[in-house]
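Down below is the structure, laid out as structure tokens.
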Amino acid sequence: MTEKIVCGKCKMLLYAGEDIKRRLYMRAIPSEESVLALYKNTCPSCGSALTLDTVEVVIKEHGR
Ligand SMILES: [Zn+2]
């Protein structure tokens, strides 16, 4: 599966890659919240606050 996190306001792509649950297993990225923390919880594009309520998390399975 792949996961994308985009700003809920301006749709800026904040994270894209393997879904974070898998990364958690690999200890690469602990959680969505730590991804937001990389941006200091602020969208670098529109400046809106990034929380799990204001971003969109899109998880897609490979194939159909
Ligand atoms: Zn934004």
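Taken in order, the sequence shown gives residues -8 to 55; the numbers are from the numbering used here.
Even glycine gets a Cβ: it sits at the ideal position worked out from N, Cα and C.
Just so you know, these numbers come straight off a predicted model, no measurement behind them.
Discussion item. At a threshold of 7 Å, does M3 count as lining ligand 1 (C-beta to nearest heavy atom)?
Written reply: yes
Worksheet item: Quick one: Cα of V48 to Cα of C34, how far?
Response: 14 Å
Item to complete: Please say whether Y30 and L5 have beta carbons closer to each other than 8 Å?
Response: Using a Cβ distance threshold of 8 Å, L5 and Y30 count as a contacting pair.
Worksheet item: Can you round the beta-carbon distance between E24 and I(-4) to whole angstroms, since I take them to be within the 8 Å contact cut?
Response: Cβ-Cβ separation between E24 and I(-4): approximately 11 Å, too far for a contact (criterion under 8 Å).
Fill in: Distance between E52 and D44 (C-alpha atoms, nearest Å)
22 Å
Discussion item. Restricting to Cα atoms, I'd like to know which of M(-8), T(-7), K2, E(-6) is closest to A40.
Written reply: Scanning M(-8), T(-7), K2, E(-6) for the CA closest to the CA of A40 turns up K2.
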